[in-house]
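Every number in this note's numbering is 1023 more than the matching position in the sequence shown, counting from 1.
Step one of this worksheet: look at the structure below.
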Amino acid sequence: MKKILMTIAAAFVATAMSAQVYVGGSFGINAWNSQKNAGDKSETTFKILPEIGYNINDAWAVGTVIGYESDKWAGVEGVSENAFTIAPYARYTFAKCGKVNFFVDGGFGFTSASKADWTAFNVGLKPGLAVALSEKVSFVSHFGFLGYNVLNPEGEKNNTSKFGLDLDGNNLTFGLYFNL
1024 MKKILMTIAA AFVATAMSAQ VYVGGSFGIN AWNSQKNAGD KSETTFKILP
1074 EIGYNINDAW AVGTVIGYES DKWAGVEGVS ENAFTIAPYA RYTFAKCGKV
1124 NFFVDGGFGF TSASKADWTA FNVGLKPGLA VALSEKVSFV SHFGFLGYNV
1174 LNPEGEKNNT SKFGLDLDGN NLTFGLYFNL
C-alpha cells in the first residue's frame, strides 16, 4: 500500500513540476473630450487587470483576470464610478512559431459598477499571441472578441445585448506575464 501511495505522490509531484504558474496582466488609460459645440464633455478611464494562470501542458492553460476600472467624467457634474471585473478562462495554444505562440482564450466575464449601478456579462473567444522575451517573461496581446455581451444599466428594462465579432480598439490589450 505504501508503494502505491508513494507512486501516486511521485506522479503528482512530477505533474505539478512540469506545469507552470504565470502571473501578469495589463493596464490601460483612455481619455477623450468633445468640443464646446458638442457639449464640452470628457472622460478618463483607468484599468488595471492582474491575471494569474496555470499551464496544464504545452497546449492548455487555465486562468483568471480580476480587475478594477475607474471612470471619471468632466462636464457631467463630475460623475465618477468604479467597477470590478472577474473573467476566468481556458487557453488553447494552437500554433507555435519559435518564440511566438498563437492562442485563443475561451471564457466568460462579469463586471459590476458601484455608483452607476450597472452590470455586464460576456461569454466568448479572444484570440491572442504571446512572445517569449526570455525564459521567464512574455509579452502578451489579445485582439478582438467573438461572442455574446449583455449590459444591464440601472434596471431590467434597459438591457442591451449583442452577439458577433468585435475587432475595434476597445478589444486590444497588451501585457506582460512572468512564469514562476
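Cβ atoms here follow ideal geometry from the backbone N, Cα and C, with glycine treated the same way.
One thing to note: G1076 has its Cβ no nearer than 7 Å to the Cβ of G1090.
Within the same chain, Cβ atoms closer than 6 Å to the Cβ of K1149 are found at D1128, H1165, F1168, the five residues on either side in sequence being excluded. In the displayed model, N1182 falls within coil according to three-state DSSP, outside both helix and strand. Inclusion of G1151 and F1126 in the CB contact set at 7 Å is warranted, their separation being smaller than that value.
Contact check for A1153 against V1163 passes: the beta carbons are separated by less than 7 Å.
Here Y1045 is buried: its Cβ has 16 or more other Cβ atoms, across all protein chains shown, within 10 Å. Annotation for G1048: the continuous beta strand (DSSP E) segment containing it runs 1043–1056. Around the CB of N1182, fewer than 16 other CB atoms lie within 10 Å, so the residue is classed as exposed. L1188 has its alpha-carbon roughly 23 Å from the corresponding atom of S1135. When DSSP reads this structure, A1136 sits in a beta bridge with A1106, W1141.
Under the three-state reduction of DSSP output, N1124 falls in the strand class. For A1110, the number of other beta carbons within 10 angstroms of its own is at least 16, and it is reported as buried. For S1161, the enclosing beta strand (DSSP E) begins and ends at 1160–1166.
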